[in-house]
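Take a look at the structure set out below.
Dropping the structure here:
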């Protein structure tokens with residue numbers, strides 16, 4: 295991955311399994327968000343390929359890429375809800391664009407998605423009328439509007455108090471278990487990483503590549519690389 299001649303990351307080779315809660319982690323400036331942008335189709339790799347199943351994302355046609363992206367959803371770091379729209383209207387945006395559902399059906403689907411994230415009854419609320427944690431959950435409901443197989447989340451716990459962050463983690467686990475959704479999550483929050491992560495990649499800003507793969511708790515307890523151990527045990531008392 296590069297911007298012109300400036301290489302951000304190189305020699306990445308990893309697989310995200312169906313049903314994984316896959317964590318992209320590492321220190322500041324290591325390329326976590328840049329990697330996420332490549333995975334969701336915002337940036338093309340300077341070299342190499344990204345596969346969804348056995349289909350090359352960038353090797354196919356624009357129609358093929360659109361079809362793949364229809365099976366994904368994105369929860370942005372800020373929630374990125376439209377402030378002038380109610381929560382129901384925010385969720386209906388994707389339904390307006392990609393479906394032929396009636397207005398009643400779209401409103402019903404929006405209500406179901408909000409109920410899934412614990413916001414039943416909040417359909418008519420505006421983002422400014424609810425808390426930061428509720429906005430994140432509403433953003434997750436919108437990302438789920440088209441029943442995606444894969445949900446990409448950029449720092450979902452950022453800016454939340456510990457209790458709200460734990461509730462969001464519990465929700466992600468519940469959705470993974472009940473719906474079989476695959477999650478790909480950028481995070482540096484250790485409590486969240488250890489609670490929800492079933493697999494991970496660790497990016498290093500010095501070598502500009504991935505230096506560890508595996509379950510976060512396993513990497514914490516047995517990684518032979520001191521950089522990985524130091525990141526995953528920071529804050530612990532000696």
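Residue numbers (the numbering used here): 295 to 532. Here a beta-carbon is modelled for each residue, glycine too, at the ideal position from N, C-alpha and C.
- request: Find the nearest neighbour of residue 450 within the set 464, 442, 439, 443, judged by alpha-carbon distance.
  value: 464
Residue closest to residue 289, alpha-carbon to alpha-carbon, out of 502, 474, 490: Only positions 295 to 532 of the chain appear in the structure, and residue 289 is not among them; the question remains open.
message: With a threshold of 8 Å on Cβ separation, who are the neighbours of residue 395 within its own chain once the five nearest residues in sequence on each side are excluded?
response: 389, 403
Candidates 488, 296, 500, 387: closest to residue 436 by CA position: 387
query: What do you get for residue 384, buried or exposed, if any count of 16 or more other CB atoms within 10 angstroms of its CB means buried?
result: buried
- prompt: Could you check where the alpha helix (DSSP H) with residue 392 kicks off and where it finishes?
  reply: For residue 392, the enclosing alpha helix (DSSP H) covers residues 381-392.
query: How do the stretch 485-501 and the stretch 298-317 stand: do at least 3 beta-carbon pairs fall below 8 Å, yes or no?
result: yes
message: Please state the DSSP three-state secondary structure of residue 350.
response: strand
Residue 427, buried or exposed, once every other Cβ within 10 Å from all chains shown has been counted against 16: buried
message: Check this for me: beta carbons of residue 380 and residue 420, under 8 Å apart or not?
response: The answer is yes: Cβ separation under 8 Å.
- request: Hey, could you find the ends of the beta strand (DSSP E) residue 324 is sitting in?
  value: That residue, residue 324, is in no beta strand (DSSP E); it is neither H nor E in DSSP.
Alpha carbon of residue 519 to alpha carbon of residue 302, nearest angstrom: 21 Å
- prompt: Nearest-angstrom Cα distance between residue 412 and residue 310?
  reply: Between the alpha carbons of residue 412 and residue 310 lies a gap of roughly 28 Å.
task: For the beta strand (DSSP E) containing residue 486, list its first residue and its last residue.
output: Residue 486 -> not in any beta strand (DSSP E); alpha helix (DSSP H) instead, spanning 484-490.
query: What's the gap between the Cα of residue 333 and the Cα of residue 433?
result: 19 Å
task: Output the distance between the C-alpha atoms of residue 532 and residue 400, rounded to the nearest integer angstrom.
output: Confidence at residue 532 is low in this model, with a pLDDT of 44, below 50, so its placement is unreliable and the value that follows should be read with caution. Approximately 54 Å between the Cα atoms of the pair.
field: Reference residue 370; option with closest CA among 359, 517, 327
entry: 327
- request: Have a look at 312, 331, 523, 458 and flag the residue whose alpha-carbon is nearest the alpha-carbon of residue 471.
  value: When each option's Cα is compared against that of residue 471, the closest is 312.
message: Excluding the 5 residues flanking residue 325 on each side, which residues of the same chain have their C-beta closer than 6 Å to its C-beta?
response: 302, 303, 497
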